[in-house]
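Q: Going by numbering that gives the first Met the number 0, the sequence shown opens with residue 0, and the numbers climb by one from there.
Cβ coordinates follow ideal geometry from the N, Cα and C atoms, glycine included.
Please see the structure below; I have some questions.
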Amino acid sequence: MRKYKGNGELETVICNGCGKKLAVKQGILLEGALEVCHTWDYFSEKDGETHRFDLCEECYDRLVNELRIRPEVEEQVEFI
Ligand SMILES: [Zn+2]
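In structure tokens:
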């Protein structure tokens, strides 16, 4: 979960999985985290609800290990 200052700058990021406070400096998140923001649609039982949460990298790894099928992983090419 994320908190923003009045000027829109990122203030804190807390992992919803373990409650760990992730490092944020001058509005920039300095650790790996998965940010989820999903609006459920008509075909779900949560129609119209937007769910937001963050997971630290450890909690993400734990979650992924419970999946029957692993996520697809693709290396990003960096253009400089
Ligand atoms: Zn965590």
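Between which two residues does the alpha helix (DSSP H) holding L62 run?
A: Looking at the DSSP string, the run of the alpha helix (DSSP H) that includes L62 is 56-64.
Q: Would you check if the distance between the CB atom of L33 and the CB atom of A22 is smaller than 8 Å?
A: Against a cut-off of 8 Å, the Cβ pair of A22 and L33 comes out as no contact.
Q: Take G31 and list the residues in its own chain whose beta-carbon comes closer than 6 Å to its own, dropping the five residues that flank it on each side.
A: Closer than 6 Å at the Cβ level, and outside the excluded window around G31, lie E56.
Q: For a test of your reading of the model: does the CB of G16 fall under 7 Å from any non-hydrogen atom of ligand 1? Yes or no.
A: True, at least one ligand heavy atom lies under 7 Å from that Cβ.
Q: On the three-state DSSP scale, how would you describe I13?
A: Three-state result, I13: strand.
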